[in-house]
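Structure first, commentary second.
In the working numbering, the protein residues as written are 168 to 561.
Right, dumping it as structure tokens:
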């Protein structure tokens, strides 16, 4: 009798079949090669972390965490991102290493889904963290590296939207003054609900000039000219510092030659409180949502008792494969079919073919149900039994 859920998977979980796995692996190899060439060293951390440390410090919403108890009664979480675990490592295992530290990762992360909507609860992420460098050069480096990695993977038609949470906060507080109304508007931006943002602004009953300043924020999306337009909307120290920071980052990006992929978006809010400076997202032309993102987070390391400023990015590998328009294709393989008495010959032939760089499957004919069907799944087919008979007939 078939058991309930025998063929089902938990919500948001997916199988990766061989053809798609090979495609994804090929893309990942190219990303790792590019990231490594910039001097970032790979790191691995446990899939399970303590909720009270990494879980609470993570940028991921609490309801998206997979939680469980260990035998001692401690609450654990499945790793929801890599930034908080790397901050933990920088403050513990690497505490004797001086800043800056450049680290990379390629791992699975886990985020619980409340309902089935096509979103995975487990996915591969690749990225970097540049820990302990507060300069615009560091911000520009990670943005340029993200662009270079996407190019190396084969993505040519992409854009990186760059914003600054410091500017957003400066404008909202300058007009509204209090945390609660600021938080309400910031949430509309975080949810990318620009229509709701505009409607809410109009409902506040602000003087027309102040209302227009807030609505003007929605127009600050485009080229470098938006930096000057942003300057006209708010005049205070925090906004000025944010804009100067963005101008410096733009100079860095020009040095790397990636400015053609960059637009400025002052509506960009990636988290309600986690990021402290520049934020950015990467988009491919085939997708209507970001496949990569990151930013500056200068307060996280302090939660692990090693204060330090940091910046980084993460790339969703599944979304990058989708943006590239790749479909899973099995690599070319050769199958050598043999009978028992031909085993030694088959092993020797397989060794020779593998020495030429081919993928070779050795298959005993006695273990095959349907030879014709099996043959169709290989790009090259060598039937030693058939070859032997042909030799006898000559």
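Every residue, glycine too, gets a C-beta built ideally from N, C-alpha and C.
Could you spell out the range, first to last residue, of the alpha helix (DSSP H) harbouring residue i?
i: residue 361; result: 361–370
i: residue 485; result: 484–490
i: residue 419; result: 404–423
i: residue 399; result: 392–400
i: residue 513; result: 510–522
i: residue 382; result: 375–383
i: residue 467; result: Unbroken run through residue 467: none, as it is neither H nor E.
i: residue 504; result: That residue, residue 504, is in no alpha helix (DSSP H); its beta strand (DSSP E) goes 501–505.
i: residue 322; result: Element bounds for residue 322: n/a, residue is neither H nor E.
i: residue 539; result: 538–542
Using the three-state DSSP reduction, which class does residue i fall into: helix, strand or coil?
i: residue 547; result: strand
i: residue 475; result: coil
i: residue 313; result: helix
i: residue 339; result: helix
i: residue 345; result: coil
i: residue 127; result: Residue 127 lies beyond the stretch modelled for the chain, which goes from 168 to 561, so this question has no answer here.
i: residue 175; result: coil
i: residue 459; result: strand
i: residue 282; result: coil
i: residue 495; result: coil
i: residue 433; result: coil
So residue i is in the beta strand (DSSP E); what residue range does that whole segment cover?
i: residue 302; result: Residue 302 -> no beta strand (DSSP E), and no H or E assigned at all.
i: residue 269; result: 268–277
i: residue 450; result: 445–451
i: residue 296; result: 289–298
i: residue 528; result: 527–531
i: residue 326; result: 325–331
Compute the distance between the beta-carbons of residue i and residue j, then report whether it is under 9 Å.
i: residue 194; j: residue 311; result: no
i: residue 256; j: residue 270; result: yes
i: residue 463; j: residue 306; result: yes
i: residue 353; j: residue 436; result: yes
i: residue 341; j: residue 406; result: yes
i: residue 308; j: residue 205; result: yes
i: residue 541; j: residue 505; result: no
i: residue 480; j: residue 451; result: no
i: residue 421; j: residue 303; result: no
i: residue 447; j: residue 327; result: yes
i: residue 280; j: residue 239; result: no
i: residue 471; j: residue 250; result: no
i: residue 520; j: residue 501; result: yes
i: residue 434; j: residue 335; result: yes
i: residue 288; j: residue 179; result: yes
i: residue 516; j: residue 491; result: no
i: residue 355; j: residue 428; result: no
i: residue 432; j: residue 329; result: yes
To the nearest angstrom, how far is it from the Cα of residue i to the Cα of residue j?
i: residue 403; j: residue 189; result: 52 Å
i: residue 438; j: residue 430; result: 20 Å
i: residue 454; j: residue 245; result: 28 Å
i: residue 468; j: residue 253; result: 9 Å
i: residue 548; j: residue 202; result: 39 Å
i: residue 277; j: residue 486; result: 15 Å
i: residue 478; j: residue 416; result: 13 Å
i: residue 296; j: residue 208; result: 10 Å
i: residue 236; j: residue 483; result: 28 Å
i: residue 317; j: residue 399; result: 34 Å
i: residue 370; j: residue 384; result: 16 Å
i: residue 375; j: residue 382; result: 10 Å
i: residue 366; j: residue 459; result: 29 Å
i: residue 338; j: residue 498; result: 54 Å
i: residue 182; j: residue 378; result: 50 Å
i: residue 545; j: residue 527; result: 10 Å
i: residue 524; j: residue 518; result: 10 Å
i: residue 225; j: residue 314; result: 25 Å
i: residue 408; j: residue 262; result: 31 Å
i: residue 268; j: residue 476; result: 11 Å
i: residue 410; j: residue 425; result: 19 Å
i: residue 218; j: residue 290; result: 20 Å
i: residue 362; j: residue 229; result: 27 Å
i: residue 211; j: residue 332; result: 30 Å
i: residue 372; j: residue 343; result: 11 Å
i: residue 272; j: residue 196; result: 12 Å
i: residue 274; j: residue 292; result: 6 Å
i: residue 215; j: residue 258; result: 18 Å
i: residue 173; j: residue 496; result: 28 Å
i: residue 538; j: residue 184; result: 23 Å
i: residue 264; j: residue 300; result: 14 Å
i: residue 401; j: residue 186; result: 53 Å
i: residue 266; j: residue 198; result: 25 Å
i: residue 192; j: residue 488; result: 10 Å
Restricting to runs no shorter than 3 residues, where is the beta strand (DSSP E) found entirely within the segment 177–249? You should have 215–217, 234–236, 242–245.
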